[in-house]
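Each residue of the sequence shown is one higher than the one before, counting from 49 in this note's numbering. Cβ coordinates follow ideal geometry from the N, Cα and C atoms, glycine included. Only one structure is covered here, and it is reproduced in the block below.
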Amino acid sequence: MMKKILFLVMAVLAAASMMIAGCGGGDKKAAEPEKVLRVGTEPTFAPFEFQKEGSKSYDGFDMDLARAIGKQMGYKVEIVSMGFDALIPALNSGNIDVVAAGMSINEERQKAVTFSEPYYTSGLIVMVNKDNNEVKSVKDLEGKRIACQIGTTGEKNARNVAN
């Protein structure tokens, strides 16, 4: 037991002496620039990525995951908000380093970027006013106006509905 305590005290003293030596007036290297991981997102997909009203920060599972990855890599994480349809072009042009957003993997996107393994799987839904009793399926949308987000698989599917 005494040997363990002695070893621990020696290790603490060695670490302290290295820190003190680091504070000395020896040769000073220029400070390395902070490493930044620029993460692109379209923050309207709660609970994965969103911005609370009145807040400047971005929250959600994807944002927490991006920050944890950045921390493990030793990077400061900078969240960049942009339109969903701009995420892949921004990644390919080098304006961002990674995308953290609810994005379906499809053949077209796989030709443009490399995806991680999926960590969540969801599907598409049709949402109508609670008083609407005539839309029960996608087929019932034929001839109706459909709202969807540009650049998403929802938009692609909506374009397949007959006008």
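- Distances from the alpha-carbon of G108 to those of A149, S141 and G118 put A149 closest.
- Exposed is the label assigned to G122, since fewer than 16 other Cβ atoms lie within 10 Å of its Cβ.
- In this structure, DSSP gives S141 a helical state, which the three-state scheme calls helix.
- Annotation: the continuous alpha helix (DSSP H) that includes R157 extends over E155 to A160.
- Per DSSP, I127 is one residue of the beta strand (DSSP E) stretching across K124 to S129.
- DSSP places G118 within a helical segment (H, G or I) once states are collapsed to three.
- Excluding its 5 nearest sequence neighbours in each direction, A94 has C-beta neighbours in its own chain below 7 Å: G108, listed in chain order.
- In this structure, DSSP gives R193 a state outside helix and strand, which the three-state scheme calls coil.
- Shown here, F163 sits in coil according to DSSP, grouped into three states, outside any helix or strand.
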